[in-house]
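K.L.:
Quick one: the structure is below, questions incoming.
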Amino acid sequence: MKEICQEKMRLVEKLGVHLENRENLAPVAARILAYIILTGKKGVTFEEMVTILCASKSTISTHLNHLQDLNKIEYFTKTGDRKKYFVINKDSVVQHIDNIIGEWQEVRELHLEIKEYKKSINEHKVEIKEEKFDLNFHNDYIKFIDGATASIEELRKK
């Protein structure tokens, strides 16, 4: 059991650093989110987080409120128990996927525009074959984005 706890805390730190950078979160907020993710459906209480993450009550409270405001987490209560059990907001995963798809579509559109520009230069301005733009990279990249987008959209549906 001790080894599992050590592994969980190692992952909390590693995932926390990732979330801190990706989501632009404060370090403690990122660790809270990571801990909640790694605890799963049973949820995490406020008291647990104060103890496990070695942070003050006010710090944990501030970051829990911020994560709730961002719709990253939510809580539930159990009958006869006044504690709040914090879990990941499933909608935040969908929001993240939607953001990825949006970014990929922007990149796709940019590659299409660049490819069309290079194609017109090739057709109208460049006479020496060796100096023409190679459009294969853009074609391959657009194909990759289309495939990746289809895969992540399938994941989103599930």
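Residue numbers (my numbering): 1181 to 1338. By construction, the Cβ of each residue, glycine as well, lies at the ideal position given by its N, Cα and C atoms. Computed from a prediction, not measured in an experiment: that's the story for all the values here.
1. Examine the Cβ distances between the region 1199-1219 and the region 1243-1257 and report whether three or more of them are shorter than 8 Å.
2. Going by C-alpha distance, which of Gln1186, Leu1213, Glu1310 is nearest histidine 1198?
3. What whole-angstrom Cβ distance do isoleucine 1277 and leucine 1335 have, given they're in contact under 8 Å?
4. Out of Ile1325, Tyr1297, Val1230, state which residue places its alpha-carbon closest to the alpha-carbon of glutamate 1286.
5. May I have the straight-line CA-CA distance separating tyrosine 1215 from glycine 1223, to the nearest angstrom?
6. Please state whether DSSP places aspartate 1326 in a helix, a strand or coil.
7. Do isoleucine 1240 and phenylalanine 1256 count as a contact pair if the criterion is CB distance below 8 Å?
8. Can you pull the DSSP bridge partners for isoleucine 1268?
P.N.:
The structure says:
1. Verdict: yes, contact present.
2. As a position in the sequence shown, residue 1198 is number 18, starting the count at 1. Of the listed residues, the one whose Cα sits closest to histidine 1198 is Leu1213.
3. Taking the first residue of the sequence shown as position 1, residue 1277 is located at position 97. Taking the first residue of the sequence shown as position 1, residue 1335 is located at position 155. The Cβ separation is near 7 Å, so the contact holds.
4. Locating residue 1286 in the sequence shown gives position 106, counting from the first residue. Here the closest residue by C-alpha is Ile1325.
5. On the sequence shown, residue 1215 is found 35 positions in, with the first residue counted as 1. On the sequence shown, residue 1223 is found 43 positions in, with the first residue counted as 1. Approximately 10 Å between the Cα atoms of the pair.
6. For this step, residue 1326 is matched to residue 146 along the sequence shown. Annotated three-state conformation of aspartate 1326 is helix, per DSSP.
7. Residue numbering aside, residue 1256 sits at position 76 when the sequence shown is read from its first letter. Residue numbering aside, residue 1240 sits at position 60 when the sequence shown is read from its first letter. Not in contact: phenylalanine 1256 and isoleucine 1240 (Cβ atoms no closer than 8 Å).
8. Residue mapping note: residue 1268 aligns to position 88 of the sequence shown, counting from 1. Under DSSP, isoleucine 1268 forms a beta bridge with Ile1253.
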